[in-house]
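**Q** Below: one structure in structure tokens.
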Amino acid sequence: MPRYEGRDLPRPDDEVFDQGLDFDLGTLSRRGLFRAFGAGAVTLGLAACGKKSAEETASASASTSASAAASGEIPDETAGPYPGDGSNGPNVLTESGIVRSDITSSFGDASGKAEGVPMTLTLTITDLARSGVPFAGGAVYVWHCTRSGEYSMYSTSVAKENYLRGVQIADAAGQVTFTSIFPACYSGRWPHIHFEVYPDQASISSASNAIATSQVAMPKAACDTVFATTGYEASVANLAQVSLDDDNVFGDDAGALQLPTVSGDVTAGYTVSLTAGVDTTTTPAGGSAPAGGDGAPSSGGPGGAPPGGPRPSGALPS
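Residue numbers (full-length UniProt numbering): 1 to 318.
Structure follows, in structure tokens:
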């Protein structure tokens, strides 16, 4: 009987390569067998990785964003045209009572209260100049529009109010917390919250002392839910006309370092949290803009909506 490598061929009349699976496996060397197994394991591993990637894309993306937010410097953005810090009109930062955690009501000679879906905003400020340690003692000024897209101190109907503006001093963990309402979406801008970071409370009287000026980009899922409630009707149409990619502030990177984590509901209110890394040794590149740089609220006030149409292409002018 014909033999191959000392073994009888089960099909003497056929070629060696046509002796059947059992014979082929029996003639594989130990090294060849392991090599075949290794190739199969790699294939299975790649298949498993592909499945895992498909199933965990959202989670991995969230982890990446959280890591970037903890280590990257928050982008400098425009503060105008409704900052209320003295750089473009009135200065609320010199008024007694501006240091407060609940910013839903006006203070001083004003007595109005902003209505809307409750929101608690927590910002954690880290000092990138010192390896990202908490920026304890830093002063954080926060302001944003009403549920109808108006800014206190500027928009005609609320020019005498100063609500939705306030300062908190960062604790040992670098955190500040504000009680407020969920902001609206007005024409031409993605829903957002402004904030400035100052070295300490003593320095807040002048906007020139700010070491960081940026904005929080409100996540779309939460916006869609909130804007379906009473008082936010105009925001539905406005939000449908903008996107993070096209926004004139967040459009550079779709707000990668400015998107907070959000939890809650319209009844109990929302908790909004963001970690903002700040290089305390650099001069902000953003700051206040001339009127019109931030879009116009729905009622009165200086400025106007940004021009329509696509952004110009090509290199920036020198």
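Positions of the beta carbon are idealized from the N, C-alpha and C atoms, including for glycine. As the structure is a computational prediction, the values presented were derived from the model and not from experiment.
1. In this structure, does DSSP put residue 160 in helix, strand or coil?
2. Assign residue 12 to one of two classes, buried (16 or more other C-beta atoms within 10 Å of its C-beta) or exposed (fewer than that).
3. Using three-state DSSP, classify residue 11 as helix, strand or coil.
4. May I have the straight-line CA-CA distance separating residue 182 from residue 146, to the nearest angstrom?
5. For residue 114, which residues from the same chain have a beta carbon less than 6 angstroms from its beta carbon, with the 5 sequence-adjacent residues on both sides left out?
6. Restricting to runs no shorter than 3 residues, where is the beta strand (DSSP E) found entirely within the UniProt domain "Intradiol ring-cleavage dioxygenases" (111-188)?
7. Could you tell me whether the stretch 166-177 touches the stretch 147-154, using the rule of 3 or more Cβ pairs below 8 angstroms?
8. Below 8 angstroms on the Cβ atoms is my contact criterion, and I expect residue 170 with residue 279 to pass it. Report the Cβ-Cβ distance as a whole number of Å.
9. Going by C-alpha distance, which of 282, 266 and 127 is nearest residue 116?
10. So the beta strand (DSSP E) residue 276 belongs to, where does it begin and stop?
11. If you follow the beta strand (DSSP E) that residue 262 is in, where does it begin and where does it stop?
12. Can you pull the DSSP bridge partners for residue 212?
13. Note down the Cα distance separating residue 136 from residue 172, rounded to an integer number of angstroms.
14. Give the straight-line distance between the Cα atoms of residue 223 and residue 247, rounded to the nearest whole angstrom.
15. Taking 6 angstroms as the limit between beta carbons, can you name the residues of its chain near residue 236, skipping five residues before and five after?
16. Please confirm whether residue 122 and residue 133 have their CB atoms less than 9 angstroms apart.
17. Using CA coordinates, which residue listed in 79, 9, 112 and 220 is at the minimum distance from residue 157?
18. Along the chain, where does the alpha helix (DSSP H) containing residue 222 start, and where does it finish?
19. Contact check, residue 232 vs residue 184 under 8 angstroms by CB: the rounded distance?
20. Once you ignore the five residues that flank residue 82 on each side, which residues in its own chain have a CB closer than 6 angstroms to its CB?
21. Which residue's Cα is closest to the Cα of residue 241: 107, 98, 215 and 191?
22. Would you decide whether residue 221 is buried or exposed? Buried here means 16 or more other CB atoms lie within 10 Å of its CB.
**A** Let me lay it out:
1. DSSP places residue 160 in coil when its eight states are reduced to three.
2. With a threshold of 16 other beta carbon atoms within 10 Å, residue 12 falls short and is exposed.
3. Reduced to three states, the DSSP call for residue 11 is coil.
4. Between residue 182 and residue 146, the C-alpha separation is close to 8 angstroms.
5. Listed in chain order, the non-local C-beta contacts of residue 114 below 6 angstroms within the same chain comprise 104, 146, 163, 164 and 181, local neighbours out to five positions each way being set aside.
6. Within the UniProt domain "Intradiol ring-cleavage dioxygenases" (111-188), complete beta strand (DSSP E) segments of at least 3 residues are found at 118-127, 139-143, 165-169 and 175-181, given in chain order.
7. No: fewer than three Cβ pairs fall under 8 angstroms.
8. The Cβ separation is near 16 angstroms, so there is no contact.
9. Considering only alpha carbons, the answer is 266.
10. Here the beta strand (DSSP E) through residue 276 covers 269-278.
11. Counting along the chain, the beta strand (DSSP E) containing residue 262 begins and ends at 261-265.
12. Bridge partners of residue 212: 197.
13. Distance between residue 136 and residue 172, taken at the CA atoms: about 5 angstroms.
14. A straight line joining the alpha-carbon of residue 223 with that of residue 247 spans about 15 angstroms.
15. Cβ neighbours of residue 236 within its own chain (closer than 6 angstroms, five residues either side excluded): 227.
16. No.
17. Minimum Cα distance to residue 157 is reached at 112.
18. For residue 222, the enclosing alpha helix (DSSP H) has its first and last residue at 220-226.
19. Confirmed, Cβ separation roughly 6 angstroms.
20. Closer than 6 angstroms at Cβ, skipping near neighbours: 151 and 154.
21. Nearest neighbour of residue 241 by Cα position, chosen from 107, 98, 215 and 191, turns out to be 191.
22. Residue 221 should be labelled exposed.
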